[in-house]
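Asks: Sharing a structure, written as C-alpha cells. Questions coming.
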Amino acid sequence: MTAADGLSPLPGRTGLFIGIRESLAYLRDPDRFIAERTERYGPVFGTTLFLRPTAVVGGIQAVENFLEQERSISESSLPAAFTALHTPYGALNQNGSRHRSTRSGYAPLFTGSAFAGFLPLINQRITAFVAATAQQSSTAIARDCKRLCLDLFAEIFAGDSLTTEEAEAFTTYNDALLSLSTALPSFRRGEAALARLQGGMTQRLARFRSGDLQGSAFAVFSRNRDETGQRWSGERIVTATVLLIWGAYIEVASLMSCSLILCQERPEVRQRILTEAERQGLDGQDLPGALDAWDLPYVQGVLRESLRLMPPGGGGFRLTSTDIAIAGFRIPAGTVVTADPRIGNRLASLFPEPERFEPERWVAPAATRQEGSRCPVAGTALRLPKGAWFPGGTGNHGCPGLPLAELCSRIFLVRWMQAIRSWHPADGTPAAVPYSLIPIRIPTDDYQLNVEPVD
Ligand code: HEM
8 MTAADGLSPL
18 PGRTGLFIGI
28 RESLAYLRDP
38 DRFIAERTER
48 YGPVFGTTLF
58 LRPTAVVGGI
68 QAVENFLEQE
78 RSISESSLPA
88 AFTALHTPYG
98 ALNQNGSRHR
108 STRSGYAPLF
118 TGSAFAGFLP
128 LINQRITAFV
138 AATAQQSSTA
148 IARDCKRLCL
158 DLFAEIFAGD
168 SLTTEEAEAF
178 TTYNDALLSL
188 STALPSFRRG
198 EAALARLQGG
208 MTQRLARFRS
218 GDLQGSAFAV
228 FSRNRDETGQ
238 RWSGERIVTA
248 TVLLIWGAYI
258 EVASLMSCSL
268 ILCQERPEVR
278 QRILTEAERQ
288 GLDGQDLPGA
298 LDAWDLPYVQ
308 GVLRESLRLM
318 PPGGGGFRLT
328 STDIAIAGFR
338 IPAGTVVTAD
348 PRIGNRLASL
358 FPEPERFEPE
368 RWVAPAATRQ
378 EGSRCPVAGT
388 ALRLPKGAWF
398 PGGTGNHGCP
408 GLPLAELCSR
418 IFLVRWMQAI
428 RSWHPADGTP
438 AAVPYSLIPI
448 RIPTDDYQLN
458 VEPVD
C-alpha cells in the first residue's frame, strides 16, 4: 500500500496518438498549451509529451508536494540529444551525491562577494553596449542582447570575450539540444560546436594557468574536488565553463529583451526607474557604485513582472521512480513530472489581476506610498509562499544563477533608461512581437527596435 493508492488519476488527455497532438501543441506555443490545460483541468494535469506520460504540476500545494517527494523524482528525463550534448558534467544530467558536489562546486560564483567583484565589468560592458545602441539608433534587440550576454558571461567566467566563431558555435550548440535524434545532422553539428567551444576554453584555461588571464570559473573550478575527492580534470573545468556560459546567456538575453518590450509603451516606468537609480547615486555611468546601491526594488519589480508575464521557459523534466501523490492525484512510477512556473504565474489567487503588468506587486507598500502611489496590489507578491513564483525552476535543480541574472538585468534597465528616451518597433515590423518559444522564449533575431537617445 503506498500513499498514492486509492487516489484519482490525473485529469487530462493522455495516450500515444493524442500525445502526438499534445506534443505539437506544446512545441507550437508552450504558454498557451499550459494556460488552456490549466483552465480546463486545474493546476495539475496529465498529458503525453514527446512519447512519455507526463504530469504537469503547478500552484502552491502541488509544488509543495513535489518538493516533499523530490527524492523520488530525481532522474533526469531530458531528450537523448540534450542529455548527450549536456555531457556527464552538466548539472541537469546529474542527481544524488554527484549533483550535490557539482552544486557546491558552483556556489562560490554566486555569492555577494563574487558579485561585487563582477560588478565593475558588468557595468562597463552594459554601459558601452547601451551607448553604442543609442548611437546606432536601432537594434535587433534579442540578437544583440544574446551577443552582449555571451561576451559578458565569457569574460566573467573565462576571462575573455568570444570570437565570432565561438559565438556562432554557442548558437549551433543551443539549437542542437532540440534535435529529435542523435542520428540527425543537427545533433552532429551540435557535437562539433561543443568540441570547438571546449577547444577555445582549453586555450583560455592554459592562459589562466600561466597567469595571463583572469576567469572566475577557472579559479573556482580549479580548486574543486568531485564526490570521490578527485580534483576536477582540465576537461571537466573547460566543459563546466562552457555550460555555465550557455546556461546564462540566452536566459538573461530573454529577460533583457522581454522587459524592454513590456516597458516600451510605459514612459512612467522609465521615469520611476530613473528616479530610483538617481536616489541610489547611480547616475554616474562610469562608476559602478557599491553592490547594495543596485538593490533597486522597483527595477527588480519590473524584472519579476517580466519573468512572470513572459517567462523564458518552463521547469525541468524528471522521472518518478515510485508511485507518488500530488495534490490528491496518483502519479504512477515512470511518469515524467515537471513543476511548471507558468501555471502559478497566471493564477489570480496568487497574483490579483494576473494579466496586469504591475511592478509594485514586488515593492513594499510603505515604499510605494512614498512615491505617491496607491497601487492596491503593492507588496502582495512579497508575501507569497515558496512554490508560487519560480522562474528558475525549484528544488534541488533550481537555478543558482538567477540572482546574477537579476543583477545584470537591473544594471541593463537602469543604463538603458539613462541613455535611451524611447524605443519602438522599427517600421515594417509586425504588430505582434515574433518570438522563438522553445526551449527559451526570446524575440526572433530579426525583430528590430528603433531607439531615440537622450539628448
Ligand atoms: C532569467 C535568467 C534565468 C532563468 C529564467 C533560468 C532558468 C533556469 C531553469 C528553469 C533551470 C532548470 C531547473 C530545473 O531543471 O529544475 C536552470 C538551471 C540552471 N541554471 Fe539558470 N536561469 C537563468 C539564469 C542563469 C544564469 C545567469 C546562470 C549562470 C550564470 C544559470 C545557471 C544555471 C545552472 C548551472 C543550472 C543547473 C542547476 C542544476 O541542475 O542543479 N542560470 N535555470
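In the numbering used here, each residue's number is its place in the sequence shown (first place is 1) plus 7. Idealized CB from N, CA, C, for every residue including glycine.
Could you check if Gly405 belongs to the surroundings of the ligand HEM, using beta carbon to heavy atom distance under 7 Å?
Replies: Reading the sequence shown from its first residue, position 398 is the one you call residue 405. Yes, Cβ of Gly405 sits closer than 7 Å to a heavy atom of the ligand HEM.
Asks: In chain order, what residues of the same chain lie with their CB nearer than 7 Å to the CB of Val306, ignoring the 5 residues before and after it?
Replies: Taking the first residue of the sequence shown as 1, we reach residue 306 at position 299. Contacts found: Ile280, Glu283, Arg417, Leu420 and Val421.
Asks: Can you determine whether any heavy atom of the ligand HEM sits closer than 7 Å to the C-beta of Phe215, and answer yes or no?
Replies: Against the sequence shown, residue 215 aligns to sequence position 208. Every heavy atom of the ligand HEM is 7 Å or more from the Cβ of Phe215, so no.
Asks: Between which two residues does the alpha helix (DSSP H) containing His93 stretch?
Replies: Looking up residue 93 in the sequence shown gives position 86. His93 -> alpha helix (DSSP H) spans Ala87 to His93.
Asks: Could you work out which residue in Ala373, Val461 and Arg349 is closest to Val63 when comparing CA atoms only?
Replies: The sequence position of residue 63 within the sequence shown is 56, counting from 1. With respect to the C-alpha of Val63, the residue from Ala373, Val461 and Arg349 having the closest C-alpha is Arg349.
Asks: Whose C-beta lies closer than 6 Å to the C-beta of Tyr96 among residues of the same chain, with five residues either side of it excluded?
Replies: For the purposes of this step, residue 96 is taken as the residue at position 89 of the sequence shown. Hits under 6 Å: Arg243, Thr246 and Ala247.
Asks: Tell me whether Arg154, by its Cβ, gets closer than 7 Å to a heavy atom of the ligand HEM.
Replies: In the sequence shown, residue 154 corresponds to position 147, counting from 1. No, since every heavy atom of the ligand HEM falls outside the 7 Å radius drawn around the Cβ of Arg154.
Asks: Quick check: does the Cβ of Tyr113 come within less than 7 Å of any heavy atom belonging to the ligand HEM?
Replies: Working through the sequence shown from its first residue, we reach residue 113 at position 106. Checking every heavy atom of the ligand HEM against the Cβ of Tyr113, one is found closer than 7 Å.
Asks: Quick one: complete alpha helix (DSSP H) runs, 4+ long, within the region 32 to 93?
Replies: 37 to 48, 67 to 75 and 87 to 93
Asks: So which of Glu367, Gly13 and Asn231 has the shortest CA-CA distance to Leu463?
Replies: Here the chain covers residues 8 to 462 and nothing more, so residue 463 does not appear.
Asks: Going by the DSSP bridge assignment, what does Ser145 pair with across the sheet?
Replies: Indexing the sequence shown from 1 puts residue 145 at position 138. Beta-bridge pairing links Ser145 to Asn457.
Asks: Report the residue ranges of all beta strand (DSSP E) runs contained in full by the region 405 to 434; include only those spanning at least 3 residues, in chain order.
Replies: 427 to 432
Asks: Over what stretch of residues does the alpha helix (DSSP H) that includes Arg196 continue unbroken?
Replies: Taking the first residue of the sequence shown as position 1, residue 196 is located at position 189. Taken as a continuous stretch (DSSP letters only), the alpha helix (DSSP H) holding Arg196 covers Pro192 to Arg216.
Asks: Start and end of the alpha helix (DSSP H) containing Phe177?
Replies: Counting from 1 along the sequence shown, the entry for residue 177 is found at position 170. Where Phe177 is concerned, the enclosing alpha helix (DSSP H) stretches over Thr171 to Ala183.
Asks: Looking at C-beta atoms only, is the number of pairs between the region 179 to 186 and the region 69 to 84 that lie closer than 8 Å three or more?
Replies: no
Asks: Round the Cβ separation of Thr342 and Pro16 to the nearest angstrom and send it over; I've been treating them as touching at under 8 Å.
Replies: As a working note, residue 342 is residue 335 in the sequence shown. As a working note, residue 16 is residue 9 in the sequence shown. The pair is not a contact, with the Cβ atoms about 11 Å apart (cut-off 8 Å).
Asks: With a 10 Å radius around its C-beta and 16 neighbouring C-beta atoms as the bar for buried, classify Ile27 as buried or exposed.
Replies: Here residue 27 refers to the residue found at position 20 of the sequence shown. So Ile27 counts as exposed.
Asks: Going by DSSP, what residues sit across from Thr345 in a beta bridge?
Replies: To locate residue 345, count along the sequence shown from 1; it is residue 338. DSSP, once it has assigned bridges, lists Val63 as partnering Thr345.
Asks: Pairing CB atoms from the region 258 to 273 with CB atoms from the region 145 to 156, are three or more of them under 8 Å?
Replies: yes
Asks: Where in the region 294 to 350 do unbroken runs of the alpha helix (DSSP H), each at least 4 residues long, occur, reported from the N-terminal end onward?
Replies: 304 to 316
Asks: From the DSSP output, which residues share a beta bridge with Pro105?
Replies: Within the sequence shown, numbered from 1, the residue matching residue 105 stands at position 98. It should be noted that the sequence gives Arg, not Pro, for residue 105. Its beta-bridge partners do not exist; DSSP assigns none.
Asks: Would you identify the three-state DSSP class for Ile244, choosing helix, strand or coil?
Replies: Translated into the one-based positions of the sequence shown, residue 244 becomes position 237. Annotated three-state conformation of Ile244 is helix, per DSSP.
Asks: Could you spell out where the alpha helix (DSSP H) holding Val276 opens and where it closes?
Replies: The sequence position of residue 276 within the sequence shown is 269, counting from 1. Where Val276 is concerned, the enclosing alpha helix (DSSP H) stretches over Pro274 to Arg286.
Asks: Given that a residue counts as buried once 16 or more other Cβ atoms are within 10 Å of its Cβ, and exposed if not, what is Gln425?
Replies: Here residue 425 is taken as the residue at index 418 of the sequence shown, counted from 1. Answer is buried; the Cβ neighbour count reaches 16.
Asks: Among the residues of its own chain, which have a CB less than 7 Å from the CB of Leu14, if the five just before and after it don't count?
Replies: Numbered from 1 along the sequence shown, position 7 holds the residue referred to as residue 14. The residues are Ala332, Gly335, Phe336 and Arg337.
Asks: Going by alpha carbons, who is nearest to Gln5 out of Ala433, Pro50 and Gly288?
Replies: Residue numbering for the chain in the displayed model covers 8 to 462; residue 5 lies beyond these limits and cannot be assessed.
Asks: What's the gap between the Cα of Ala69 and the Cα of Arg311?
Replies: The count along the sequence shown starts at 1 and reaches residue 69 at position 62. The count along the sequence shown starts at 1 and reaches residue 311 at position 304. C-alpha separation (whole angstroms): 22 Å.
Asks: Which residues mark the beginning and the end of the alpha helix (DSSP H) in which Phe228 is found?
Replies: Stepping through the sequence shown from its first residue, residue 228 is reached at position 221. That run of the alpha helix (DSSP H) goes Ser223 to Arg230.
Asks: CB-CB under 6 Å to Tyr48, same chain, minus the five flanking residues each way: which ones, in chain order?
Replies: Here residue 48 refers to the residue found at position 41 when the sequence shown is read from its first residue. Around Tyr48: Pro18 and Gly19.
Asks: When burial is assigned at 16 or more other CB atoms within 10 Å of the CB, is Glu46 buried or exposed?
Replies: Counting from one through the sequence shown, the residue named residue 46 turns up at place 39. It is exposed - the Cβ of Glu46 has fewer than 16 other Cβ atoms within 10 Å.
Asks: As a quick exercise: from Phe194, Pro450 and Gln237, pick the residue whose alpha carbon is nearest that of Ile268.
Replies: Here residue 268 corresponds to residue number 261 of the sequence shown, with the count starting at 1. With distances taken between Cα atoms, Ile268 lies closest to Pro450.
Asks: Just grab the DSSP bridge partners of Pro16 for me.
Replies: If you number the sequence shown from 1, residue 16 lands on position 9. Partner(s): Arg337.
Asks: So Ala176 and Leu204 are supposed to be a Cβ contact under 8 Å. How far apart are they, rounded?
Replies: Here residue 176 corresponds to residue number 169 of the sequence shown, with the count starting at 1. Here residue 204 corresponds to residue number 197 of the sequence shown, with the count starting at 1. Indeed, because the Cβ distance is near 5 Å, the residues count as touching under 8 Å.
Asks: Kindly indicate which three-state DSSP category Ser443 falls into: helix, strand or coil?
Replies: Here residue 443 refers to the residue found at position 436 when the sequence shown is read from its first residue. Note: Ser443 maps to strand in three-state DSSP.
Asks: Quick check: what's the CA-CA separation for Arg273 versus Arg428?
Replies: Numbered from its first residue, the sequence shown carries residue 273 at position 266. Numbered from its first residue, the sequence shown carries residue 428 at position 421. Each residue's Cα considered, the two are about 11 Å apart.
Asks: Thinking C-alpha only, which one of Tyr180, Glu275, Arg277 and Arg154 is nearest Leu169?
Replies: Translated into the one-based positions of the sequence shown, residue 169 becomes position 162. For Leu169, the nearest C-alpha among the options comes from Arg154.
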